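Student: Dumping the structure here so I can ask a few things about it.
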Amino acid sequence: MYMQDWDIEFSHLDAGYGARRVLRDVSAILPAGKISVILGESGSGKSTLLRHVTGLSRPLGGMVRIGGRDIFALPPAEFRRLRRQTGVLFQDGALLGALNLAQNVALPLSEHLALPEHLLREAALRVLAMVGLEAFADYYPNQLSGGMRKRAGLARAIVAEPRILLCDEPTSGLDPVTAARMDELLLSMHARYPEMTLVVVSHDLAGFRILAEHVLVIRDGGLIFAGTPKSLLDSRDAYLRQFLERRSGDAGQTPHRPMNHRVHAELVKWLTS
Amino acid sequence: MANFFAPVVALGQRGISAAVAVGDTTVFMLSGLAHMFSGVRIFPRTLRQLYVIGYKSFFVILLIGVFCGMVLGLQGYYTLVKFGSVGLLGSAVSLSLVRELGPVLTAIMLTGRAGSSMAAEIGVMRITDQIDALEVMDINPVAYLVSPRLLAAMISFPLLTAVFDVIGIIGGYLTGVLMLNINEGAYFYRISSSVTMPDLTGGFVKSFVFGLLVTTVCCRQGYTAHRRGDSVGPEAVGNATTSAVVISCVLILAADYVLTSFLL
Ligand SMILES: Nc1ncnc2c1ncn2[C@@H]1O[C@H](COP(=O)(O)OP(=O)(O)OP(=O)(O)O)[C@@H](O)[C@H]1O
Ligand SMILES: [Mg+2]
Chain A
207 MYMQDWDIEF SHLDAGYGAR RVLRDVSAIL PAGKISVILG ESGSGKSTLL
257 RHVTGLSRPL GGMVRIGGRD IFALPPAEFR RLRRQTGVLF QDGALLGALN
307 LAQNVALPLS EHLALPEHLL REAALRVLAM VGLEAFADYY PNQLSGGMRK
357 RAGLARAIVA EPRILLCDEP TSGLDPVTAA RMDELLLSMH ARYPEMTLVV
407 VSHDLAGFRI LAEHVLVIRD GGLIFAGTPK SLLDSRDAYL RQFLERRSGD
457 AGQTPHRPMN HRVHAELVKW LTS
Chain B
291 MANFFAPVVA LGQRGISAAV AVGDTTVFML SGLAHMFSGV RIFPRTLRQL
341 YVIGYKSFFV ILLIGVFCGM VLGLQGYYTL VKFGSVGLLG SAVSLSLVRE
391 LGPVLTAIML TGRAGSSMAA EIGVMRITDQ IDALEVMDIN PVAYLVSPRL
441 LAAMISFPLL TAVFDVIGII GGYLTGVLML NINEGAYFYR ISSSVTMPDL
491 TGGFVKSFVF GLLVTTVCCR QGYTAHRRGD SVGPEAVGNA TTSAVVISCV
541 LILAADYVLT SFLL
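Put into structure tokens, the structure is as follows:
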């Protein structure tokens, strides 16, 4: 019944860092109750787009609306309420180095609710088990692999059962089996909370085929496609085809530049010394 | 014409950015102070910071304190002996410690010992998105990171200064009485007769203010490590730590002058 309340809408969004413009005139809707996948090359501005949904960066122009309301014009109390309902998986996990996994994952609860220690730990273990990290609850982030940190980050993002879940590359750096587990976890979240707005940034085409119900494709800071996965797969656009078929643009003709002969000579000397 | 005014413009811009930095830092400190009252969760974190700032610096303070007192005893003795007034050594040692050296040296030591690690820790949190993560979890990063450190500093700076003063006086005793054979009774009598309550409160006011300044500056340098003009990434954290220590030390001495002129 709240469905339309949690649509994320970009309207003529311009964004960047300092004077540098990273996103230009992006207008799109990420519908509530659906899994939206944002595709795009490395450096095209996907993480930057997410930073504007969480309100971490302010747009240079245009608006971000959630439930029809400009999030940067919300009264502070409303804005905080919105944030409480938003779970974010950062690209590098962004776990607090000073806390162990259980404390990290319980953080959204322990900071806001008056609950005894053992219940908090139980809540943390529940979601850690979902991402297969129950055995690592007492490890610190630095003692884990990159993929494990990412999974723990996902556990923290879902511990408070948010209405909006934003995942920046949940499966990059994971092996195919664990990646498929993450995709299934996201699907099961979607099945359990049908009204949740789920946004997944990805370059993982396998995951895209399983998850996507709505797709945005970003290229060099501009939106070049928005629609259903089917229409994307059927698209005739040369760039989109190339992206989907996993070809580099100038396949087979990446220019070969010979190494400077002096660098080469020194290198050979060093390698054979 | 433009060239002619360029130096003036440059100077003006530096002046403006310095004024902005002072304003930002003040706002940062005030918000850190305000968030001290935002909940009971600050107490366990403050305890942890008391351990880091207070307990872990304790032995360094002892060491610096005893040597400082010994040097004061030595220097004081050879100065006073020229005027035939070595009996005043107790006053000289205790007053310089309580009024000046105790608060200032303790604050400078704590800047190096605790302030630098605050700047580095918070700086690393900044560049690895941990502070952003706090924000999106609706956890105020200033309340979470800065307020406990401010509170812990407000408690531990004066306490460690008191330790420094006492140990310094014992250091003076070691050189003055045990090595140079001043009368023991005169040494301690001079201390109790010349150090007055305003001297003590003045010293504590100073160390309290230094604690606030050092913690604010160090936390803010780390907190804004991503906005440095001179560098990015790990290098920015390193530079933030350096700036934190340098700015803190300068501010300690500048504030010391201002406070002294009010307290005297
Ligand atoms: N803090 C920053 N300051 C300045 N420029 C930045 C910053 N963060 C990102 N950028 C720039 O913004 C552009 C988009 O970055 P973004 O992180 O949004 O890309 P992305 O699509 O998420 O890439 P990837 O798939 O590699 O994560 C890049 O060109 C990058 O150089
Ligand atoms: Mg990214």
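Protein chains in written order, with this note's numbering: chain A, 207 to 479; chain B, 291 to 554. Just so you know, even glycine gets a beta-carbon here, dropped at the ideal spot from N, CA and C. Owing to the predicted nature of the structure, the values given are computational and were not obtained by experimental measurement.
Using a Cβ-Cβ cut-off of less than 7 Å, give me the residues of the stretch 412 to 442 of chain B that come near chain A, in sequence order.
Tutor: Answer set for the stretch 412 to 442 of chain B: T418, D419, Q420, D422, A423, E425, V426, M427, D428, I429.
Student: Helix, strand or coil: how does DSSP classify Y341 of chain B here?
Tutor: Counting from 1 along the second sequence, the entry for residue 341 of chain B is found at position 51. Helix at Y341 of chain B.
Student: L313 of chain A touches chain B at which residues, Cβ-Cβ below 9 Å?
Tutor: As a first step, residue 313 of chain A must be located in the first sequence, where it is residue number 107. Correct list: A423, L424, M427, I429.
Student: Could you give the DSSP three-state label for S386 of chain B: helix, strand or coil?
Tutor: The residue labelled residue 386 of chain B in the question sits at position 96 within the second sequence. In the structure shown, S386 of chain B sits in a helix (DSSP, three-state: H, G or I).
Student: Using a Cβ cut-off of 9 Å, pull out every chain A residue sitting near R480 of chain B, in sequence order please.
Tutor: Looking up residue 480 of chain B in the second sequence gives position 190. Correct list: empty, because the minimum Cβ distance to chain A is about 48 Å.
Student: Short of 8 Å in beta carbon distance, which residues of its chain neighbour A312 of chain A, apart from the five on each side in sequence? Order them along the chain.
Tutor: In the first sequence, counting from the first residue as 1, residue 312 of chain A sits at position 106. Taken in chain order, the residues that qualify are L326, R327, A329, A330, V365.
Student: Let me check one thing: in DSSP terms, what residues is Y223 of chain A bridge-paired to?
Tutor: Sequence index remark: in the first sequence, residue 223 of chain A carries index 17 (1-based). Answer is A:R226.
Student: Assign N310 of chain A to buried or exposed, taking buried as 16 or more other Cβ atoms, counted over all protein chains shown, within 10 Å of its Cβ.
Tutor: Locating residue 310 of chain A in the first sequence gives position 104, counting from the first residue. When all chains shown are included, N310 of chain A counts as buried.
Student: Applying a beta-carbon distance threshold of less than 7 Å, which residues of chain A neighbour R403 of chain B?
Tutor: By one-based count along the second sequence, residue 403 of chain B stands at place 113. Near R403 of chain B there are no residues of chain A at all, since even the closest Cβ is about 18 Å away, more than 7 Å.
Student: If you count every other CB in all the chains shown that lies within 10 Å of the CB of T316 of chain B, and 16 or more means buried, which is it?
Tutor: Along the second sequence, one-based indexing puts residue 316 of chain B at 26. Result: exposed.
Student: Output the distance between the C-alpha atoms of M207 of chain A and A311 of chain B, rounded to the nearest integer angstrom.
Tutor: By one-based count along the first sequence, residue 207 of chain A stands at place 1. By one-based count along the second sequence, residue 311 of chain B stands at place 21. Unreliable placement is indicated for M207 of chain A, whose pLDDT of 37 sits below 50; the coordinate value is still reported in the next sentence. Going by the C-alpha atoms only, they are around 48 Å apart.
Student: Is it right to say E302 of chain A is buried, meaning 16 or more other beta carbons lie within 10 angstroms of its own, or is it exposed?
Tutor: Working through the first sequence from its first residue, we reach residue 302 of chain A at position 96. As written in the sequence, residue 302 of chain A is Leu, which differs from the Glu given in the question. By the 10 Å Cβ count, L302 of chain A comes out buried.
Student: Which whole-angstrom value is the C-beta distance of R480 of chain B and S375 of chain B, which I expect to be below 8 Å?
Tutor: For the purposes of this step, residue 480 of chain B is taken as residue 190 along the second sequence, with counting starting at 1. For the purposes of this step, residue 375 of chain B is taken as residue 85 along the second sequence, with counting starting at 1. Incorrect: roughly 10 Å between the Cβ atoms, too far for contact.
Student: In three-state terms, what does DSSP make of V456 of chain B?
Tutor: As a working mapping, residue 456 of chain B is identified with position 166 in the second sequence. It is helical.
Student: State yes or no: is the beta carbon of E317 of chain A nearer than 7 Å to at least one beta carbon in chain B?
Tutor: Here residue 317 of chain A is taken as the residue at index 111 of the first sequence, counted from 1. At least one chain B Cβ lies under 7 Å of E317 of chain A.
Student: Look at P438 of chain B and I332 of chain B and say whether their C-beta atoms are less than 7 Å apart.
Tutor: Here residue 438 of chain B corresponds to residue number 148 of the second sequence, with the count starting at 1. Here residue 332 of chain B corresponds to residue number 42 of the second sequence, with the count starting at 1. The answer is yes: Cβ separation under 7 Å.
Student: For the stretch 253 to 265 of chain A, which residues have a beta carbon sitting closer than 9 Å to at least one beta carbon of chain B?
Tutor: Hits within the stretch, in order: R257, T260, G261, L262.
Student: Could you name the residues of the stretch 322 to 355 of chain B whose beta carbon sits closer than 8 Å to any beta carbon of chain A, in the order they occur along the chain?
Tutor: Those would be R331, in chain order.
Student: Helix, strand or coil for Y208 of chain A, going by three-state DSSP, please let me know.
Tutor: Position 2 of the first sequence, counting from 1, holds the residue named residue 208 of chain A. Residue placement at Y208 of chain A is flagged as unreliable, the pLDDT there being 41, under the threshold of 50; the coordinate-derived value follows with that caveat. Residue state, collapsed to three classes: coil.
Student: Residues in the same chain with beta-carbon distance under 8 Å from V394 of chain B, minus the five sequence neighbours each way, listed in chain order, please.
Tutor: Residue mapping note: residue 394 of chain B aligns to position 104 of the second sequence, counting from 1. Counting only Cβ-Cβ distances below 8 Å, and skipping sequence neighbours, we find K496, F500, I542, L543, D546.
Student: Would L302 of chain A count as contacting chain B if we go by Cβ distances under 7 Å?
Tutor: For the purposes of this step, residue 302 of chain A is taken as the residue at position 96 of the first sequence. At least one chain B Cβ lies under 7 Å of L302 of chain A.
Student: 7 Å is my cut-off, CB to CB: does F216 of chain A come that close to chain B?
Tutor: Taking the first residue of the first sequence as position 1, residue 216 of chain A is located at position 10. False, the Cβ-Cβ gap to chain B never drops below 7 Å.
Student: Please determine, among B:L553, B:V535, B:F552, the residue with the shortest C-alpha to C-alpha distance to A404 of chain B.
Tutor: Here residue 404 of chain B refers to the residue found at position 114 of the second sequence. Among B:L553, B:V535, B:F552, the Cα nearest to that of A404 of chain B belongs to B:V535.
Student: Any chance you could list the alpha helix (DSSP H) runs of at least 4 consecutive residues sitting entirely within the stretch 391 to 444 of chain B, in chain order?
Tutor: Counting only runs of 4 or more, we get 392 to 400, 406 to 417, 420 to 426.
Student: Of all the CB atoms in chain B, is at least one closer than 7 Å to the CB of V294 of chain A?
Tutor: Locating residue 294 of chain A in the first sequence gives position 88, counting from the first residue. So, interface residue.
Student: Where the beta carbon is closer than 7 Å to any heavy atom of ligand 2, which residues qualify, in chain order?
Tutor: Taking each Cβ in turn, the ones that pass are A:K252, A:S253, A:Q297, A:D374, A:E375, A:V407.
Student: With distances taken between CB atoms, is the gap from R369 of chain A to M395 of chain A smaller than 7 Å?
Tutor: Working through the first sequence from its first residue, we reach residue 369 of chain A at position 163. Working through the first sequence from its first residue, we reach residue 395 of chain A at position 189. Not closer than 7 Å, so no.
Student: Can you have a look at V240 of chain A and say buried or exposed, based on whether 16 or more other CB atoms are within 10 angstroms of its CB?
Tutor: For the purposes of this step, residue 240 of chain A is identified with residue 34 of the first sequence, where counting begins at 1. Reading the sequence as shown, one finds Lys at residue 240 of chain A and not Val. Label assigned to K240 of chain A: buried.
Student: Terminal residues of the continuous beta strand (DSSP E) containing A432 of chain A?
Tutor: Sequence index remark: in the first sequence, residue 432 of chain A carries index 226 (1-based). Here the beta strand (DSSP E) through A432 of chain A covers 428 to 433.
Student: At the 7 Å Cβ level, is R271 of chain A part of the contact set with chain B, yes or no?
Tutor: By 1-based counting over the first sequence, the position of residue 271 of chain A is 65. No, R271 of chain A lies away from the interface with chain B (no Cβ there is under 7 Å from its Cβ).
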